[in-house]
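Have a look at the structure below, then the notes.
Protein chains in written order, with our numbering: chain A, 59 to 337; chain B, 635 to 855.
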């Protein structure tokens with residue numbers, strides 16, 4: 059069990075996502091940065107489906123009531139265990155009674171805490187990912203008790219896979235279903251222009267500050283996916299993320315790769331984004 | 635918005651489901667989105683799907699369901715009903731009669747878990763979305779947005795004109811099948827008064843309410 063002493067800005071429990079219910083309008087949810095969450099799970103020998111804690115911008119304070127092992131990946135958030143400094147992408151044993159805290163944000167915005175065997179909060183519709191109208195909660199709050207696996211013996215952990223990809227501003231995309239609606243001048247704007255992330259960025263969507271030319275194309279409401287780039291009539295670009303609604307009525311001009319979604323998830327307001335069309 | 639296009643999509647969905655049960659399928663007005671969690675040979679899948687599309691006209695269309703959904707049009711729920719009535723120069727009982735007359739078709743489920751986009755609204759009830767969306771529309775609110783009508787399955791922001799409220803749950807994550815209604819099904823609203831709304835709400839809270847549906851024999855397909 060992990061007890062939440064302080065919740066931090068926004069932390070939630072996420073696994074790879076909730077699949078098979080999109081036709082009922084249920085968003086996929088799941089970790090925003092699958093690469094970092096995957097590293098933390100891999101280091102502990104967990105399955106890639108194991109639920110982790112996704113910590114955004116500022117960290118919680120957590121009391122471990124069970125012996126376990128942990129690994130932290132993704133954003134650098136100056137973690138300490140009983141006031142001793144920890145490093146990302148390393149495995150640490152944790153004794154019952156230990157307190158994990160986080161400090162200054164150094165790089166990225168989403169940090170992943172994995173525990174041996176995974177966090178075992180309740181599964182709803184096949185997933186442990188928190189999404190308000192499905193799980194009844196969407197962020198940590200003081201006093202919560204989070205079930206974790208009871209494993210205390212760590213398997214020989216597989217080779218760690220450190221990938222330092224967070225610095226790139228290049229977001230790789232494929233063509234979306236309505237890509238062909240774009241004029242050459244739209245395409246030139248999209249692929250030669252420099253974009254910055256607007257302050258409207260969260261688990262549902264990232265908006266971009268710069269707009270492209272206005273247009274008057276509309277589509278009948280159709281399915282959208284995490285990583286779909288929508289173009290509004292006023293020329294605003296909206297990149298849908300894991301908690302985005304499952305359908306939308308704006309043209310879907312681009313589709314981010316899985317890697318690009320993970321990369322974008324570590325970016326925040328004002329950070330630069332350069333779209334590059336996948337060959 | 636076209637019912638025969640939707641039937642075409644649902645028939646295709648059915649035949650894909652039989653052959654590729656591992657694919658997630660999300661139907662909408664004029665599209666069907668397939669999602670694979672595993673990587674696959676895209677070109678091979680596309681050519682196979684094209685073949686299936688040609689073959690599918692031989693298959694029997696699955697029977698669709700008709701759902702009866704109670705709506706209370708009391709003004710305490712219908713936040714925009716008076717304004718809507720003045721705007722349309724239509725008496726409220728007439729609006730209720732027109733809104734409860736058709737069998738609506740579920741064209742798409744999206745926006746929120748369990749939110750149905752219903753087609754088949756009487757043209758005289760069409761009304762643009764409100765210029766200023768509300769931040770909190772109560773759960774169960776029944777609204778009109780453009781040519782569509784629907785029920786908000788949970789509290790949410792929204793821009794539709796609210797004319798009533800349904801006490802029945804349209805999305806219940808504690809059930810294996812959280813949303814019993816599917817794209818292609820028919821929806822018929824029927825009016826209830828405040829007392830019935832309260833009674834049904836109590837039944838829903840006590841978990842003894844069951845949404846009723848009928849198989850419709852759609853021999854045209």
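The beta carbon of each residue, even a glycine, is placed where N, CA and C say it ideally should be.
- Interface flag for residue 303 of chain A against chain B is set, since a Cβ pair is found closer than 9 Å.
- Those residues of the segment 166-196 of chain A placed with their C-beta closer than 9 Å to a C-beta in chain B are 182, 183, 189, 190, 191, 192, 193 and 194, ordered along the chain.
- Taking 9 Å as the threshold, the shortest C-beta distance from residue 149 of chain A to chain B does not fall below it.
- At a cut-off of 9 Å between beta-carbon atoms, residue 160 of chain A makes no contact with chain B.
- Here the segment 672-679 of chain B does not lie against the segment 767-777 of chain B, with fewer than 3 beta-carbon pairs under 8 Å apart.
- Boundaries around residue 727 of chain B are those of the alpha helix (DSSP H), 726-734, since no beta strand (DSSP E) includes it.
- Collapsing the DSSP output to three states places residue 126 of chain A in a strand.
- Runs of the alpha helix (DSSP H) spanning 4 or more residues and lying entirely within the segment 779-842 of chain B occur at 828-839, in chain order.
- With a cutoff of 9 Å on beta-carbon distance, residue 249 of chain A and residue 160 of chain A are scored as not near each other.
- When DSSP states are grouped into helix, strand and coil, residue 737 of chain B belongs to the coil group.
- Chain A has a Cβ within less than 9 Å of the Cβ of residue 743 of chain B.
- Exposure of residue 153 of chain A is indicated by the presence of fewer than 16 other C-beta atoms within 10 angstroms of its C-beta.
- Within the same chain, 262, 263, 282, 283, 284, 285, 286, 287, 288 and 306 come within 8 Å of residue 298 of chain A by CB-CB distance, once the 5 residues on both sides are set aside.
- In this structure, the CA atom of residue 820 of chain B is about 13 Å from the CA atom of residue 755 of chain B.
- Taking 9 Å as the cut-off, the beta carbon of residue 88 of chain A is found closer than this to the beta carbon of residue 300 of chain A.
- Bounds of the alpha helix (DSSP H) holding residue 250 of chain A are 242-250.
- Neighbours of residue 238 of chain A across chain B, judged by C-beta separation under 7 Å, do not exist; the nearest C-beta is about 15 Å away.
- The beta carbon of residue 109 of chain A sits closer than 7 Å to the beta carbons of 71, 72, 73, 176, 177, 179 and 186 from its chain, once the five residues preceding and following it are set aside; these are given in chain order.
- Taken through DSSP and simplified to helix, strand or coil, residue 106 of chain A comes out as coil.
- With contacts defined by Cβ atoms closer than 9 Å, residue 208 of chain A and residue 158 of chain A do not form a contacting pair.
- Interface criterion not met: the Cβ of residue 695 of chain B is under 9 Å from no Cβ in chain A.
- Look at residue 111 of chain A here: in three-state DSSP terms it is strand.
- With contact defined as three or more Cβ pairs closer than 8 Å, the segment 751-771 of chain B and the segment 829-842 of chain B are not in contact.
- In this structure, residue 277 of chain A places its C-beta atom within 9 Å of the C-beta atom of residue 236 of chain A.
- At least one CB of chain B lies nearer than 9 Å to the CB of residue 77 of chain A.
- Residue contact check for residue 676 of chain B against chain A: no CB pair falls below 9 Å.
- No residue range can be given for residue 209 of chain A, since it is assigned to no beta strand (DSSP E) and is classified by DSSP as neither H nor E.
- For residue 258 of chain A, the uninterrupted beta strand (DSSP E) segment begins and ends at 253-259.
- For residue 332 of chain A, the pairing in a beta bridge is given by DSSP as A:228.
- Residue-level contact check: residue 770 of chain B does not touch chain A, since none of the beta carbons of chain A fall below 9 Å from its beta carbon.
- If you look at residue 677 of chain B, you'll find it isn't in any beta strand (DSSP E); it sits in the alpha helix (DSSP H) that goes 676-689.
- For residue 680 of chain B and residue 686 of chain B, the gap between their C-alpha atoms comes out near 10 Å.
- If you check each beta-carbon in the segment 643-668 of chain B against every beta-carbon of chain A, the ones closer than 7 Å belong to 658, 659, 660, 661, 662, 663, 664, 665 and 667.
- Look at the segment 75-101 of chain A: the residues with a C-beta under 7 Å from a C-beta of chain B are 77, 78, 79, 80, 81, 82, 83 and 84.
- Here residue 698 of chain B is buried: its Cβ has 16 or more other Cβ atoms, across all protein chains shown, within 10 Å.
- Put simply, of A:162, A:189, A:97 and A:168 the residue whose alpha carbon is nearest the alpha carbon of residue 148 of chain A is A:97.
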